[in-house]
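Chemist:
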Amino acid sequence: MSLRILLVEDEPLIAMDLEDILLDAGNVVVAIATNMHHALEVAETSKIDIAILDIDLALGTNGIETAKRLRERHNVSSLFVSAQLTDETRAMALEWQPLGFVAKPFSADQIVTALRTPNRNLDSF
0 MSLRILLVED EPLIAMDLED ILLDAGNVVV AIATNMHHAL EVAETSKIDI AILDIDLALG
60 TNGIETAKRL RERHNVSSLF VSAQLTDETR AMALEWQPLG FVAKPFSADQ IVTALRTPNR
120 NLDSF
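Here numbering that gives the first Met the number 0 is used: the first residue of the sequence shown is 0, the next is one more, and so on.
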């Protein structure tokens with residue numbers, strides 16, 4: 000099943016790598032946003048199944064707050080892909096029922112598996 004995915008990542012090379020992985024797996028990348036404000040604008044006008052978010056974003060915004068607003072306003076599920084997966088950030092993110100967490104650096108298999116088997120990797124770090 001093809002998913003409509005919003006990427007929220009402020010590092011261009013990582014965003015392009017994720018986009019390639021997602022497209023190769025048969026998904027649709029609706030947009031790539033670099034901050035919370037852009038992500039919320041996209042969600043207002045596009046159907047999104049899942050948002051893949053970094054924790055630290057551009058313009059002083061963060062992925063956890065972005066995931067919260069996407070969940071509250073648009074019922075969008077989130078997958079966190081970040082180098083900032085401390086116990087504290089994971090605890091804050093868990094409140095918004097993410098599909099899971101993938102640590103950077105990541106492999107294509109890790110991303111695809113996290114999308115196919117949500118919640119399997121919530122306790123793996």
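For each residue, glycine too, the CB sits at the ideal point set by N, CA and C. No experiment lies behind these values; they were computed from the predicted model shown.
Could you pull the start and end residues of the beta strand (DSSP E) that ALA82 belongs to?
Modeler: In the sequence shown, the residue the question calls residue 82 occupies position 83. Note, ALA82: premise wrong, no beta strand (DSSP E); not H, not E.
Chemist: Evaluate ALA90 with the Cβ neighbour count: other Cβ atoms within 10 Å of its Cβ, from every protein chain shown; 16 or more gives buried, anything less gives exposed.
Modeler: Your numbering for residue 90 matches position 91 in the sequence shown. That one is exposed.
Chemist: Taking 9 Å as the threshold (C-beta atoms), are LEU17 and MET35 in contact?
Modeler: Working through the sequence shown from its first residue, we reach residue 35 at position 36. Working through the sequence shown from its first residue, we reach residue 17 at position 18. LEU17 sits away from MET35, with the two beta carbons spaced by 9 Å or more.
Chemist: Counting pairs of beta carbons, one from the stretch 1 to 18 and one from the stretch 82 to 98, are three or more of them closer than 8 Å?
Modeler: No: the two stretches stay apart, fewer than three of their Cβ pairs being nearer than 8 Å.
Chemist: So the beta strand (DSSP E) VAL7 belongs to, where does it begin and stop?
Modeler: The residue labelled residue 7 in the question sits at position 8 within the sequence shown. 3 to 7 is the span of the beta strand (DSSP E), which, as asked, contains VAL7.
Chemist: How many angstroms separate the CA atom of VAL30 from the CA atom of PHE100?
Modeler: One-based indexing of the sequence shown puts residue 30 at position 31. One-based indexing of the sequence shown puts residue 100 at position 101. Reading off the sequence, residue 30 comes out as Ala, not Val. One C-alpha to the other measures close to 20 Å.
Chemist: What would DSSP say about ILE47, mapped onto helix, strand or coil?
Modeler: Residue mapping note: residue 47 aligns to position 48 of the sequence shown, counting from 1. Three-state result, ILE47: coil.
Chemist: In three-state terms, what does DSSP make of GLY25?
Modeler: Your numbering for residue 25 matches position 26 in the sequence shown. Correct three-state label for GLY25: coil.
Chemist: Among the residues of its own chain, which have a CB less than 8 Å from the CB of THR88, if the five just before and after it don't count?
Modeler: Locating residue 88 in the sequence shown gives position 89, where the first residue counts as 1. Closer than 8 Å at Cβ, skipping near neighbours: ILE54, ILE63, SER81.
Chemist: If you compare alpha carbons, which of GLN96, LEU22, ARG70, ALA24 is closest to ALA42?
Modeler: To locate residue 42, count along the sequence shown from 1; it is residue 43. Distances from the alpha-carbon of ALA42 to those of GLN96, LEU22, ARG70, ALA24 put ARG70 closest.
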